[in-house]
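What follows is a short report on a single structure.
Numbering (this note's numbering), first residue to last: 3 to 50.
This is the structure in structure tokens:
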């Protein structure tokens with residue numbers, strides 16, 4: 003990986019600050035639940 007000098011990095015950050023950014027989307031939160039699976043659903047490949 004190339005070494006990036008501080009002046010080049012600061013210039014990039016300054017250019018980024020001058021930019022306008024549009025973020026389109028939504029927030030998605032996931033929850034993980036651990037457990038035992040007794041079978042797989044026939045409608046979709048998901049544990050039941």
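C-beta: ideal position from N, C-alpha, C; glycine also. Computed from a predicted structure; not experimentally measured.
Which residues bound the alpha helix (DSSP H) around residue i?
i	result
residue 15	8-19
Which whole-angstrom value is the C-beta distance of residue i and residue j, which I expect to be below 8 Å?
i	j	result
residue 50	residue 40	7 Å
So, helix, strand or coil for residue i, using DSSP?
i	result
residue 44	coil
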